[in-house]
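Shown next, in structure tokens, is the structure this report addresses.
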Amino acid sequence: TFHDSLALLDKFHRLRPRTRVFTHPDGSPQLLLSIYGTVGDSLPLIMWIPNLYPVKPPFISIDLETFDVSTISSSLPVQAYIDSDGRIALPILDHWNPATMSLIAVVQELMGLLNEPSQDPVPSLPPKPDATQSPLKHTIPPLPPKPKSPHVQPPLPPPPPPQPPSSAVDLMDMDNTDLSPTNHHEMLQNLQSVLNELYREDVHYVADKILTRQTIMQDSVARFHEMVTADSTRLQAVEQTIEQTMQT
């Protein structure tokens, strides 16, 4: 995950890493590593990296908070792979091979679809006019009369005051178009911090699951011992009754 994510950020400089909560189709949330930004002609996307990557392929979707899917021309080939929720079902995701495929291959396939020419339908030719019919005469309508008074445009509103520059800088949102060693080192540290956070979340999640299962197993074992003790007590009582009956 670290190697493929870093390679993707090195190749596409408008992408950035961040941890976000991903909602699965069944409605369950999960904190995942996401790589977001713009590709192609400023198409905003979000790529979610599952915990089982590269065994499982990433999830990729359009950032609907900053982009309207309806603005994509229906004639573009990529439109066939985008659903109403903005999720992109690329062919590479349906035929995922963890040994030969990577995050870069996913973005490259998306950009290839974006760069394909539009498949506009060829308009049908109009029917040929009948030679026996005489052409119709087209009359040009008269021009409308000029207005008596010129139209006065309303005054433009004053421009908004300039916003002061923000002093807070989010390192996870830094533009990585700067290829200097300092920026590359910061990007590497940020990505490592994100992965460390996800690792800690996974460790806590697994530890909680193990503790819960351990508690359930201990309760089950305790109830089993109680049942065995109760059955032993009843069996002893039956044996004593049989012995007393045989003696009498």
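In the UniProt record's numbering, the protein residues as written are 1 to 248. All C-beta atoms in this analysis are idealised placements derived from N, C-alpha and C, irrespective of residue type, glycine included.
Does the beta-carbon distance from I62 to I88 come in below 8 Å?
I88 sits close to I62, with the two beta carbons spaced by under 8 Å.
What are the boundary residues of the beta strand (DSSP E) that L113 is part of?
For L113, no beta strand (DSSP E) run applies; the uninterrupted alpha helix (DSSP H) run containing it begins and ends at L103 to N115, by DSSP.
Helix, strand or coil: which one does DSSP assign to P44?
Under the three-state reduction of DSSP output, P44 falls in the strand class.
Can you give the Cα-Cα distance for M101 and Q108, rounded to whole angstroms?
One Cα belongs to M101, the other to Q108, and the distance between them is close to 11 Å.
How would you label L191, buried or exposed, when you count the other beta carbons within 10 angstroms and need 16 or more for buried?
Counting of Cβ neighbours within 10 angstroms places L191 among the buried residues, the total reaching 16 or more.
Using a 10 Å radius around the Cβ and a threshold of 16 neighbouring Cβ atoms, would you call L15 buried or exposed?
Under this definition L15 is a buried residue.
Determine the DSSP secondary structure at L8, reduced to helix, strand or coil.
If DSSP states are grouped into helix, strand and coil, L8 belongs with the helices.
Cut-off 6 Å between Cβ atoms - residues of its own chain near F2, not counting five sequence neighbours on either side
The residues are L195.
Under a Cβ-count criterion, where at least 16 other Cβ atoms within 10 Å of its own Cβ denotes burial, should G37 be classed as buried or exposed?
Counting Cβ neighbours within 10 Å, G37 comes out buried, since at least 16 surround it.
A80 to L90, Cα distance in whole Å?
Those two C-alpha atoms are separated by around 9 Å.
Once you ignore the five residues that flank V238 on each side, which residues in its own chain have a CB closer than 8 Å to its CB?
Cβ within range, chain order: n/a, list empty.
Output the boundary residues of the beta strand (DSSP E) element that contains residue 285.
Any answer about residue 285 is impossible in this case: the structure gives the chain only from 1 up to 248.
So what does DSSP say about F224, is it helix, strand or coil?
Looking at F224 - three-state DSSP - the assignment turns out to be helix.
In its own chain, which residues sit with a C-beta less than 7 Å from the C-beta of Q244, not counting the 5 before and 5 after it?
Around Q244: no qualifying Cβ.
Among L211, V228 and L103, whose alpha-carbon lies nearest the alpha-carbon of L9?
The residue with the shortest Cα to Cα distance from L9 is L103.
Mind checking which residues open and close the beta strand (DSSP E) that includes P91?
From DSSP, P91 is part of no beta strand (DSSP E) but of the alpha helix (DSSP H) over P91 to D94.
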